[in-house]
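Data block below; observations after.
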Amino acid sequence: MKVIFSVGSFLLQFFPLTVFLKVAFLNGKHQAADWLNAFIWGGSAAILQLALSIFFSRGHPLNRIILGFNWYLIIGGFAVIANQFPFLEFLNNLKETGIFLCLLIVGIYTTFASKAGFVGAVKISMQRNISNYSIWLIILTCAAVAVSFWFRGQTIISSAVPLIVLSVATRLFKRRLQRGRDELALTHDGR
Numbered sequence: 001m002k003v004i005f006s007v008g009s010f011l012l013q014f015f016p017l018t019v020f021l022k023v024a025f026l027n028g029k030h031q032a033a034d035w036l037n038a039f040i041w042g043g044s045a046a047i048l049q050l051a052l053s054i055f056f057s058r059g060h061p062l063n064r065i066i067l068g069f070n071w072y073l074i075i076g077g078f079a080v081i082a083n084q085f086p087f088l089e090f091l092n093n094l095k096e097t098g099i100f101l102c103l104l105i106v107g108i109y110t111t112f113a114s115k116a117g118f119v120g121a122v123k124i125s126m127q128r129n130i131s132n133y134s135i136w137l138i139i140l141t142c143a144a145v146a147v148s149f150w151f152r153g154q155t156i157i158s159s160a161v162p163l164i165v166l167s168v169a170t171r172l173f174k175r176r177l178q179r180g181r182d183e184l185a186l187t188h189d190g191r
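Numbering-wise (UniProt numbering), the sequence shown opens with residue 1 and increments by one.
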């Protein structure tokens, strides 16, 4: 049952992005109306996913990268509903960079306002390392924003590569924190 719950919660994280992409490319090549509908549907799915994740998280921090994507979709959805077309044009000009800017905002906020930091790891005894790794993730996200902006419109370089780098760095930092916690537990046990 625990495995099913883990797989379900993992897949739920990608639901809003899947909805957004499905609606945006419903007719093959996306049109302006598809873009607006995608933000409404993707933003709605992001709100639902966030609510369910918070309800079922059991004290575990939410994935910060997914959180950044969700905020991008929610902001875009509210911009469509509020008829903020200049803002939507701004998002359109940013292309994939808008997602990384939302991720940067999430990273800065969680680094300084959450014990889990940008890394998303709750290890009270490792708070200094969590803060250090979170700062490194902010630096990497700033680099991702720059790369994404420089190569905007070229999907592989502007979104896939920076996203993979951030995901791998986050996993690496979490593993190092876990290893450090395990080593700390061994020293306290006297082994």
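Just so you know, even glycine gets a beta-carbon here, dropped at the ideal spot from N, CA and C.
Could you tell me if L26 is buried or exposed, where buried requires 16 or more neighbouring beta carbons within 10 angstroms of its beta carbon? Answer is exposed; the Cβ neighbour count stays below 16.
Item checked: Residue ranges of each beta strand (DSSP E) within the region 62-113, 3 or longer -> Taking only runs of at least 3 residues, no beta strand (DSSP E) segment lies wholly in the region 62-113.
Note to self: For V119, which residues in the same chain have their Cβ closer than 8 angstroms to its Cβ, ignoring the five residues on either side in sequence?
What the structure shows: Closer than 8 angstroms at Cβ, skipping near neighbours: R64, I130, Y133, S134, L137, T170, F173, K174 and L177.
For G68, count neighbouring Cβ atoms within 10 angstroms of its own Cβ and tell me buried if that reaches 16, exposed if not. With 16 or more Cβ atoms within 10 Å of its Cβ, G68 is classed as buried.
Rounded C-alpha distance that separates F78 from G43 = One C-alpha to the other measures close to 8 angstroms.
If you check the beta carbons only, do F20 and A38 fall under 8 angstroms apart? Less than 8 angstroms separates the beta-carbon of F20 from that of A38.
- Query: Roughly how many angstroms lie between the CA atoms of L104 and V145, to the nearest whole one?
  - Reply: Distance between L104 and V145, taken at the CA atoms: about 8 angstroms.
Residue from L17, N83 and H60 with nearest C-alpha to V122:
Of L17, N83 and H60, the smallest CA-CA separation from V122 is found for H60.
Check: Does the Cβ of G117 have 16 or more other Cβ atoms within 10 Å, making it buried, or fewer, making it exposed?
Finding: When all chains shown are included, G117 counts as buried.
Query raised in the report: With 16 as the cutoff for other CB atoms within 10 Å, does E89 come out buried or exposed?
Result: The residue is exposed, with fewer than 16 neighbouring Cβ atoms inside 10 Å.
Cut-off 6 angstroms between Cβ atoms - residues of its own chain near I66, not counting five sequence neighbours on either side: Taken in chain order, the residues that qualify are Q13.
*Have a look at S57, L48, I54 and S53 and flag the residue whose alpha-carbon is nearest the alpha-carbon of L73.*
In terms of CA proximity to L73, L48 leads the group S57, L48, I54 and S53.
Does I75 pass the burial test, meaning 16 or more other C-beta atoms within 10 Å, or should it be called exposed?
I75 is buried by the Cβ-count criterion.
**Message:** So, with DSSP's three-state summary, where would you put K174?
**Reply:** In the structure shown, K174 falls within a helical segment according to DSSP collapsed to helix, strand and coil.
With DSSP run on the structure shown, which of helix, strand or coil describes N27?
Here N27 sits in coil by DSSP.
CB contact flag (A46, P16, <8 angstroms):
Between A46 and P16, the C-beta gap is smaller than 8 angstroms, which places the two residues in contact.
When you compare the CB positions of L141 and F100, do they come within less than 8 angstroms of one another, or not? Reading off the sequence, residue 141 comes out as Thr, not Leu. In contact: T141 and F100 (Cβ atoms closer than 8 angstroms).
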